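For the sequence shown, counting from 1, position 255 maps to 254 in numbering that gives the first Met the number 0; every step adds exactly one. Every residue gets a Cβ at the ideal spot worked out from N, C-alpha and C, and that includes glycine. The structure presented is a predicted model; accordingly, all values stated were derived computationally and were not measured. Following: one structure in C-alpha cells, then a few remarks.
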Amino acid sequence: MRATRPRVLYVTDLAYPARGRRYCDEDIFLTSRLREEFDLALCHPRDAVALMGGFDGVVVRNSGPVLGYPDAYREFRTRALATGTPVYNPLTGRGDMAGKQYLLDLTDAGLPVIPTVGRTEDLHRLPRAERYVVKPRLGADSHGLRIVPAAEASAPADGDVLVQPYIDFAYEVSFYFVDQDFQYALHAPDPAARWRLEPYRPTPGDLGFARRFIEWNTLGHGIQRVDACRAPDGELLLVELEDLNPYLSLDALDDATRNAFVAAMTASLHRFLREAEGARG
Numbered sequence: 000m001r002a003t004r005p006r007v008l009y010v011t012d013l014a015y016p017a018r019g020r021r022y023c024d025e026d027i028f029l030t031s032r033l034r035e036e037f038d039l040a041l042c043h044p045r046d047a048v049a050l051m052g053g054f055d056g057v058v059v060r061n062s063g064p065v066l067g068y069p070d071a072y073r074e075f076r077t078r079a080l081a082t083g084t085p086v087y088n089p090l091t092g093r094g095d096m097a098g099k100q101y102l103l104d105l106t107d108a109g110l111p112v113i114p115t116v117g118r119t120e121d122l123h124r125l126p127r128a129e130r131y132v133v134k135p136r137l138g139a140d141s142h143g144l145r146i147v148p149a150a151e152a153s154a155p156a157d158g159d160v161l162v163q164p165y166i167d168f169a170y171e172v173s174f175y176f177v178d179q180d181f182q183y184a185l186h187a188p189d190p191a192a193r194w195r196l197e198p199y200r201p202t203p204g205d206l207g208f209a210r211r212f213i214e215w216n217t218l219g220h221g222i223q224r225v226d227a228c229r230a231p232d233g234e235l236l237l238v239e240l241e242d243l244n245p246y247l248s249l250d251a252l253d254d255a256t257r258n259a260f261v262a263a264m265t266a267s268l269h270r271f272l273r274e275a276e277g278a279r280g
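This is the structure:
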C-alpha cells in the first residue's frame, strides 16, 4: 500500500495559441483540482524527458498538438517505453496518438467514418463530391487542412496527406469518455463555429456509435474524445478519435457535469497508477 500521495508530472504547453480558445485555462483548472489528490508539477513537453524520472507517473495533457516539438515528443515516447514510466493516456492508443492512419483502417473495415484514402490510385473509392478535404496524416487542431475542388483532389493524394469527400454535415458532436465510461457530449449547432459548443443529450444510438470506437481503441485507461458529424442522411460519421490530449471544453459544462468529470479522471488516474505500481512489483 502506497504510504505517500502519488507524484504526477503534468505535461502541458500553457502558451499554446489556440484559435478562439484559451487551452491553458483548462489545464490550470484541472491541475488545481488534481492537486487535492496528487503531488503534482507542471512542465513543458520539451522538459518531460529530463524530469519524468522523479515521478510515479506522467499525465500528457498539453492542451494543443505536439507538432511544434516532434523530436522532443518522440524522445519522450521512446524513453517512457524503455523505462516503463506510466504515461496517462497510455502510449498504446490507435487513434490520433498514432497519426491519422486509423481513418484509413476504419474505412477499410467498413465502420461509420468519413471515407478516407491516402493514395491517388484509391481516389475512385471515395464518393463523388464537388469538393474534397485534404489533411496531413500527422496533424491536429485543423493545422494544414485544406478544402479543394474535385479537379485538384488527385494532386496531393500521395505522401503524408489523406483525402476525404467534403461532407455538408448538419452539425458536429463530440462524446467524451474516461476509461470506458461515457461522461458527457457537446455539439456545435453552427458548422461554421466548431468551438461554440452546447450540451448535447445523446440517444442510445448515438452512444452505441461512440462506444464502438472506444472499444476499437482498446485503451484501458485515459481520456478519449469521439468527434463525429451528422451527415445529410442523418447518420453519424467519425471525424476524429482523439486519444492523445483531447481538449475537453470544460468551460461549456455546468458545475455538476464538470465536477463529475474531474472525479472520474481522478479515480481513473489513481487506478492507473496503482496498477502500474503493482505491475512493477
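Classification of residue i by the beta-carbon crowding that lies within 10 angstroms, buried from 16 upward
i: Ser-31; result: exposed
i: Glu-214; result: exposed
i: Asp-180; result: exposed
i: Ala-278; result: exposed
i: Asp-95; result: buried
i: Thr-106; result: buried
i: Gly-63; result: buried
i: His-123; result: exposed
Run of the beta strand (DSSP E) containing residue i, from where it starts to where it stops
i: Arg-145; result: 145-148
i: Tyr-183; result: 180-187
i: Gly-282; result: There is simply no residue 282 to check, as the chain begins at 0 and stops at 280 in what is shown.
i: Phe-176; result: 171-177
i: Ala-227; result: 222-229
i: Tyr-72; result: Note, Tyr-72: premise wrong, no beta strand (DSSP E); alpha helix (DSSP H) at 69-82.
i: Pro-135; result: 130-135
Span separating the alpha-carbon of residue i from that of residue j
i: Ala-255; j: Val-261; result: 10 Å
i: Val-147; j: Ala-108; result: 26 Å
i: Arg-211; j: Val-225; result: 10 Å
i: Gly-56; j: Leu-33; result: 13 Å
i: His-220; j: Arg-18; result: 29 Å
i: Thr-119; j: Gly-98; result: 20 Å
i: Tyr-199; j: Tyr-170; result: 11 Å
i: Met-0; j: Arg-6; result: Below a pLDDT of 50, predicted positions are generally treated as unreliable, and Met-0, at 46, falls in that range; the measurement from the model is reported next regardless. Each residue's alpha carbon lies about 15 Å from the other.
i: Gln-223; j: Thr-77; result: 22 Å
i: Trp-194; j: Glu-151; result: 29 Å
i: Leu-161; j: Asp-38; result: 42 Å
i: Tyr-68; j: Arg-145; result: 23 Å
i: Ala-71; j: Pro-89; result: 17 Å
i: Leu-272; j: Tyr-101; result: 28 Å
Integer Cβ distance of residue i from residue j, believed to fall under 8 Å
i: Asp-159; j: Pro-135; result: 6 Å
i: Thr-91; j: Leu-103; result: Wrong, their Cβ atoms sit about 19 Å apart, outside the cutoff.
i: Asp-242; j: Asn-216; result: 6 Å
i: Leu-218; j: Ala-227; result: Between Ala-227 and Leu-218 the Cβ distance is about 18 Å, and since that is not below 8 Å, they are no contact.
Residue i: first and last residue of the uninterrupted alpha helix (DSSP H) it sits in
i: Tyr-246; result: Here Tyr-246 belongs to no alpha helix (DSSP H), and DSSP marks it neither H nor E.
i: Leu-90; result: No alpha helix (DSSP H) contains Leu-90, which DSSP labels as neither H nor E.
i: Asp-38; result: That residue, Asp-38, is in no alpha helix (DSSP H); its beta strand (DSSP E) goes 38-42.
Inset, instruction - Taking 8 Å as the threshold, find out whether the stretch 262-275 comes into contact with the stretch 200-210 through three or more Cβ pairs. - result: no
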